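Engineer: Right, I'll just put the structure down here and ask away after.
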Amino acid sequence: MARILLLGGTAEARELEAKLAEMPEHEVIVSLAGRTQAARSQSSINPTCVTRHVGGFGGVEGLRHFLAQEGVDVILDATHPFANRISWNVVDANEELALPLLRIERSAWQQQAGDNWLHSPDLPHAVDALTSGKRYLLAVGRQEAHQFSRRDDCWFLSRSIEALPIEYQIPNGKQILYQPDGDLETERDLLARYSLDGVVCKNSGGESGYAKLLAARDLGLIVHIIERPNSPDQTSVDNIDTALLWLSRQSIDKTA
Ligand code: NAP
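Numbering (this note's numbering), first residue to last: 22 to 277.
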């Protein structure tokens, strides 16, 4: 039996958790940072073989301690492409233990014909790159949206799954709540209804978030796209099936 630490917070992690919950040969600890109410209140899919750890580990040292204390055999890092610190932490924490570690990271979106993308290497550069007087759909997540407050020469329709804390709200704009569902029509309507000139987003990849980029292309709007941070050099796959195949091979290696 393998004891797996699954670092989550993404749709892929939830999908992986559901698959692993049907495999009684594994014991799984799903770990969530606990940033959202949903993450804090969600219960395990199958409490017999899947338990939850909610909240940080206390940096590299804390994570190293957790791996040893919990007797973890395998680590699956299915955190978001922009959740970079935890991915570096897990590599550092695992340096001596050398447990099998797999990164599951969805592919980045690629610019297509008809797209009008302006690439920014990081969020502060995207803040600087905006055009004065323009109106933007801001879809960068609730933790970082407030960094756009300093662009009081622009207007923002700030969109996130959960509300921004009061101190993080952007004065020059409006906030709406939204669970991405990948519907192109909805995105086109939204961009048109608020007379938006462009979209600001991270290159998160994935299907549900792509509709806003398709809508921007259809309407000829600019997309300020924030590129992914540098990630550690490690074994990586971009889908759940390949991750499960990799995992089955680790089990074979363990019992060989
Ligand atoms: P981060 O910058 O990489 O991590 C900051 C700290 O949060 C880590 O050092 C760790 O605390 C804790 N942490 C992060 N992910 C964790 C996990 N899965 N389990 C336990 N602790 C975790 O991460 P972030 O950008 O704040 O994202 C937090 C979570 O939200 C991630 O799990 C990610 O998958 C999800 N998420 C992030 C984004 C995004 O755009 N960043 C978007 C969607 C979902 P300690 O140092 O105390 O261990």
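C-beta: ideal position from N, C-alpha, C; glycine also. Nothing here was measured: the structure is a model prediction, and the numbers come from that model.
(1) Leu198 and Leu178 - do their beta-carbons sit closer together than 9 angstroms?
(2) Write down every uninterrupted run of the beta strand (DSSP E) in the segment 126-159 whose length is 3 residues or greater and which is fully enclosed by it, in chain order.
(3) Where Asp204 and Ala232 are concerned, what is the direct C-alpha to C-alpha distance, given to the nearest angstrom?
(4) With C-beta atoms as the reference, is Ile243 less than 9 angstroms away from Leu123?
(5) Determine the burial state of Glu188: buried for a count of at least 16 other Cβ atoms within 10 Å of its Cβ, exposed for fewer.
(6) What is the residue span of the alpha helix (DSSP H) that Leu205 lies within?
(7) Of all Cβ atoms in chain B, is any one closer than 9 angstroms to the Cβ of Thr263?
(8) Could you work out which residue in Ser108, Thr100, Glu82, Asn224 is closest to Asn260 when comparing CA atoms only?
(9) Taking 8 angstroms as the cut-off, is the C-beta of Gln164 nearer than that to any heavy atom in the ligand NAP?
(10) Once DSSP output is grouped into helix, strand and coil, what is the label at Glu48?
(11) May I ask you to check if the CB of Gly76 is nearer than 8 angstroms to at least one heavy atom of the ligand NAP?
(12) What do you get for Lys223, buried or exposed, if any count of 16 or more other CB atoms within 10 angstroms of its CB means buried?
(13) Please give me, in chain order, every unbroken run of the alpha helix (DSSP H) with length at least 4 that falls completely inside the segment 80-124.
(14) Please say whether Arg214 and Ala236 have beta carbons closer to each other than 9 angstroms?
(15) Going by C-alpha distance, which of Leu41, Gln168, Ala32 is nearest Asp202?
(16) Which value, in whole angstroms, describes the spacing of the CA atoms of Asp254 and Leu97?
(17) Nearest by alpha-carbon distance to Glu36: which of Gly55, His245, Asp174, Asp262 is it?
Structural biologist: Inspection of the coordinates gives the following:
(1) Walking along the sequence shown from the start, residue 178 turns up at place 157. Walking along the sequence shown from the start, residue 198 turns up at place 177. Contact: no.
(2) Runs of the beta strand (DSSP E) inside the segment 126-159: 137-141.
(3) Stepping through the sequence shown from its first residue, residue 204 is reached at position 183. Stepping through the sequence shown from its first residue, residue 232 is reached at position 211. One C-alpha to the other measures close to 6 angstroms.
(4) What you label residue 243 is simply residue 222 of the sequence shown in a count that begins at 1. What you label residue 123 is simply residue 102 of the sequence shown in a count that begins at 1. Result no, Cβ atoms of Ile243 and Leu123 do not sit closer than 9 angstroms.
(5) Here residue 188 refers to the residue found at position 167 when the sequence shown is read from its first residue. A residue is called buried once 16 or more other Cβ atoms fall within 10 Å of its Cβ, and Glu188, having fewer, is exposed.
(6) Locating residue 205 in the sequence shown gives position 184, where the first residue counts as 1. Counting along the chain, the alpha helix (DSSP H) containing Leu205 begins and ends at 205-214.
(7) Any reference to chain B falls outside this structure, which holds one protein chain only.
(8) The residue labelled residue 260 in the question sits at position 239 within the sequence shown. Cα-wise, what sits closest to Asn260 is Thr100.
(9) The residue given as residue 164 occupies position 143 in the sequence shown. Result yes, Cβ under 8 angstroms from the ligand NAP.
(10) The residue labelled residue 48 in the question sits at position 27 within the sequence shown. DSSP places Glu48 in strand when its eight states are reduced to three.
(11) If you number the sequence shown from 1, residue 76 lands on position 55. Yes, the ligand NAP has a heavy atom inside 8 angstroms of this Cβ.
(12) Residue 223 sits at position 202 when you count from the first residue of the sequence shown. Per the 10 Å Cβ criterion, buried.
(13) For the segment 80-124, whole alpha helix (DSSP H) runs of length 4 or above, ordered along the chain, are 80-90, 105-114.
(14) Numbered from 1 along the sequence shown, position 215 holds the residue referred to as residue 236. Numbered from 1 along the sequence shown, position 193 holds the residue referred to as residue 214. No, the pair does not count as a contact, with Cβ atoms beyond the cut-off.
(15) Within the sequence shown, the letter at position 181 stands for residue 202. When each option's Cα is compared against that of Asp202, the closest is Ala32.
(16) Start at 1 with the first residue of the sequence shown, and residue 254 comes out as number 233. Start at 1 with the first residue of the sequence shown, and residue 97 comes out as number 76. Rounded to whole angstroms, Asp254 to Leu97 spans 15 angstroms at the Cα level.
(17) Taking the sequence shown and counting its residues from 1, the one referred to as residue 36 is at position 15. Per the Cα distances, Asp262.
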